[in-house]
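Protein chains: 2
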Amino acid sequence: MIFSKSTEYAIRATMFLCLNSSGNECFKINTIASAIDSPPFFTSKILQTLVRQNIISSTKGPNGGFYVDKKSKPIILYDLIIAVEGPDFFDKCLLGLSTCTEKNPCPLHKDFKKHKEELKQLFKKKSVSDIMTENNNGKINLKI
Amino acid sequence: MIFSKSTEYAIRATMFLCLNSSGNECFKINTIASAIDSPPFFTSKILQTLVRQNIISSTKGPNGGFYVDKKSKPIILYDLIIAVEGPDFFDKCLLGLSTCTEKNPCPLHKDFKKHKEELKQLFKKKSVSDIMTENNNGKINLKI
DNA sequence: AACATAATATGATTTTTGTCATGTGTGTTA
DNA sequence: TAACACACATGACAAAAATCATATTATGTT
Ligand code: FES
Ligand code: FES
């Protein structure tokens, strides 16, 4: 709805990693892709950008794959989104004007500002593992 | 941010029409496009889909153009958005799953549901002319 | 050294965005 | 009324971006 497919895959894949890695196991891209119903090669490319930005990790070779380092700091959803969509994702104008400011607001700015800020704060507050533990009474739904 | 360029242009153009039409004047596409900084031919095509869906009106020939019928019912933002993005825009899953339901929710559903509903209601409540009158203390900003 | 897998590069495909040419209806004018 | 100009309507086309697929390379494991 508001994210690109790339971001959707990035979040779903990272959720899968957080959910299934208890130690420091690796998951190869085919495992991940079939677990979240995504095109494997495309997903791999997206995960690589997450690796480069130190959101997740990877190792090559046999028994290699992608993983999340449980010992490093938790993965904040906001950082994950920004990593794929770009740093100004939450600061864009709803109507596509070049800047979203109080000084030169578009007609919808006043009404939309609050919701935008709330969404931003929601994603800044929650980590992927937060989401996983909040939902672990039912089963986690990551497939189409 | 959450809309396609098409929808952004649709909203900006309709705002321009509401703002500038006191009687039933027409505005030709070049006037509209330069007023909202949009590609004229592309914008024209978008406005034509709005005409087909009875959101705005148009007349051909000299002194023709696009206009909003002041006597017909106000243009609700929700209807405008749906007309371009499609009828299920506000019912999509944030993570791209096929359905957004309480029965099979994605991990973010619980946290996102409230905000999605609020946004939906915001757009359902406000008409384009509402927005125009709310903002008419400053000058209306529709250009990039 | 052989193998498995991520990383990288590259290309194909699809969707979105934008442009062009032509058709069609409408009003003006002679 | 006939010619003409005007501006939307329509569909073909092009460029750009996003998405998806394949091949090659590099690297770590055994
Ligand atoms: S200026 Fe448009 S949302 Fe802030
Ligand atoms: S199921 Fe994903 S937002 Fe409702």
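Order-wise, the sequence lines are chains A and B.
Going by our numbering, 131 is the number at position 139 of the first sequence; the sequence numbering is gapless.
Going by our numbering, 89 is the number at position 97 of the second sequence; the sequence numbering is gapless.
Positions of the beta carbon are idealized from the N, C-alpha and C atoms, including for glycine.
No experiment lies behind these values; they were computed from the predicted model shown.
Please state whether the Cβ-Cβ distance between residue i and residue j is less than 8 Å.
| i | j | result |
| --- | --- | --- |
| Tyr59 of chain A | Ile28 of chain A | no |
| Thr35 of chain A | Ile24 of chain A | yes |
| Cys10 of chain B | Met124 of chain B | yes |
| Asn127 of chain B | Pro99 of chain A | yes |
| Leu89 of chain A | Asn133 of chain B | yes |
| Leu160 of chain A | Phe104 of chain A | One cannot answer for residue 160 of chain A here, as it falls past the ends of chain A, which runs -7 to 136. |
| Lys84 of chain B | Asn16 of chain B | no |
| Pro32 of chain B | Ile21 of chain B | yes |
| Ala75 of chain B | Gln113 of chain B | no |
| Ser64 of chain A | Ile38 of chain A | no |
In the DSSP assignment, what residue or residues form a beta bridge with residue i?
| i | result |
| --- | --- |
| Ser119 of chain A | A:Ile68 |
| Tyr1 of chain A | Paired residue(s): none; Tyr1 of chain A is not in a bridge. |
| Gly57 of chain B | B:Thr51 |
| Phe19 of chain B | B:Phe58 |
If residue i and residue j are in contact, beta carbons under 8 Å, what's the gap, nearest whole angstrom?
| i | j | result |
| --- | --- | --- |
| Ile(-6) of chain B | Ile3 of chain A | The pair is not a contact, with the Cβ atoms about 16 Å apart (cut-off 8 Å). |
| Pro66 of chain A | Ser119 of chain A | 4 Å |
| Phe82 of chain A | Lys108 of chain A | 7 Å |
| Ser(-4) of chain A | Glu77 of chain A | 7 Å |
| Thr6 of chain A | Leu111 of chain A | That belief does not hold up - the Cβ atoms of Thr6 of chain A and Leu111 of chain A are roughly 19 Å apart, past 8 Å. |
At a cut-off of 7 Å, is residue i close to ligand 4 when judged by its beta-carbon and the heavy atoms of the ligand?
| i | result |
| --- | --- |
| Val76 of chain A | The ligand content of the structure shown is limited to ligand 1 and ligand 2, which means ligand 4 is not among them. |
- [ ] Would you list the residues whose beta-carbon is nearer than 6 Å to any heavy atom of ligand 2, in the order they occur in the chain?
- [x] Near ligand 2, meaning a beta-carbon closer than 6 Å to one of its heavy atoms, we find B:Cys85, B:Leu86, B:Leu87, B:Leu89, B:Cys92, B:Pro97, B:Cys98, B:Leu100, B:His101, B:Phe104.
- [ ] Compile a chain-ordered list of the residues in the stretch 82 to 103 of chain B whose CB is closer than 9 Å to at least one CB of chain A.
- [x] Flagged, chain order: Phe82, Asp83, Lys84, Cys85, Leu86, Leu87, Gly88, Leu89, Ser90, Cys92, Asn96, Pro97, Cys98, Pro99, Leu100, His101, Lys102, Asp103.
Open item on the list: Taking beta-carbon pairs under 8 Å, can you tell me which members of the stretch 108 to 123 of chain A lie near chain B?
Closed with: Hits within the stretch, in order: Lys108, Glu110, Leu111, Leu114, Lys118, Ile123.
Task: Cβ-based contacts, 9 Å cut-off: residues of the stretch 33 to 55 of chain B near chain A - done: The stretch 33 to 55 of chain B vs chain A, Cβ under 9 Å: nothing.
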